[in-house]
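Accompanying notes for the structure given below.
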Amino acid sequence: LGDRDSISWIGPAGYYVITVKCLDTLDYGKYQNPASNEKNRRIYRPYLNEWTYREQTAIGLIPNTKSTVVWSAFKWFGYHEVSLYNPDWNYLKWLLQNIGQNQANPLLSSIEGGLGVFGSASTIKARTFLKKNQP
């Protein structure tokens, strides 16, 4: 398969949450040198439902400190912010609950006698630019 693009970081063993957010879904050319009026273009993925298709941010779970780049996380070309979260157990449990069920389950709550989660995560962020594969 040849070389693949990958990301890696230094951190404790465990699960990490990664998000990829498009920062500008309209303009593309204003970030070029020289700037132009070229508009951004959506990356079409036929397997996404309408809600997923409209969401600007993709989210994923990584069980180690290195991963190949999943190009399907990018929904537009252009300027993006990639964030990496190191969650505590409560945040991770809440995320898994929401990804898996899309609904709140009181049995998975971290609040005694109530519904809710108190969780935290440290984060690092970087901005990147995804170039169009053709004009």
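For the sequence shown, the positions run 2 to 136 when our numbering is used.
Where a beta carbon is used, it is the ideal one built from N, C-alpha and C, also for glycine.
Model, not experiment: these values are computed from the prediction.
- Beta-bridge partners of V18 (DSSP): L62, Y86.
- In this structure, DSSP gives A74 a helical state, which the three-state scheme calls helix.
- Going by DSSP, K126 is part of the beta strand (DSSP E) stretching over 122 to 131.
- Taking the Cα positions, N34 is about 19 Å away from W77.
- Shown here, G30 sits in a helix according to DSSP, grouped into three states.
- Under the three-state reduction of DSSP output, R46 falls in the coil class, being neither helix nor strand.
- When C-beta atoms of the stretch 9 to 25 are compared with those of the stretch 74 to 88, three or more pairs fall below 8 Å, so the two segments count as touching.
- Under DSSP, G79 shares a beta bridge with L131.
- Taking C-alpha positions only, Y29 is separated from Y45 by approximately 17 Å.
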